[in-house]
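Note sheet for the following structure.
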Amino acid sequence: MSLQTKTSTEVNKKVTFWFATGGAGFCVSRALALKMMPIAASGKFVAIGDKIRFPDDVTMGFLIGKLVQHCSHCNKR
1 MSLQTKTSTE VNKKVTFWFA TGGAGFCVSR ALALKMMPIA ASGKFVAIGD KIRFPDDVTM
61 GFLIGKLVQH CSHCNKR
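For what it's worth, the UniProt record's numbering labels the leading residue of the sequence shown as 1, then goes sequentially.
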């Protein structure tokens, strides 16, 4: 999915990532949650959601997508 950010500093910056809406909720494995801690713990998740101005399920998809993309890139080295 392709969405445009709504931040004041990056107006209409196009961001592409895969996600599924939570709706009734979603599960994240413990392993994934632990890998997400550096980028999402201690209020960082809320701050990222506020910055990109998307709902929590979309923010979660964005973070997971970026984490997977980063890990995939590291594994290619």
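Every residue, glycine too, gets a C-beta built ideally from N, C-alpha and C.
{"Check": "Met1 in three-state terms, based on DSSP", "Outcome": "Any reading at Met1 must be qualified, since the residue scores a pLDDT of 49, below 50, and its modelled position is unreliable; the value itself is stated next. Correct three-state label for Met1: coil."}
{"Check": "Whole-angstrom distance between Met36 and Leu63, CA atom to CA atom", "Outcome": "8 Å"}
{"Check": "Simplified DSSP assignment, three categories, for Pro38", "Outcome": "helix"}
{"Check": "Cβ-Cβ distance between Ile48 and Leu67 below 8 Å", "Outcome": "no"}
{"Check": "Reduced DSSP secondary structure (H/G/I, E/B, other) of Phe54", "Outcome": "coil"}
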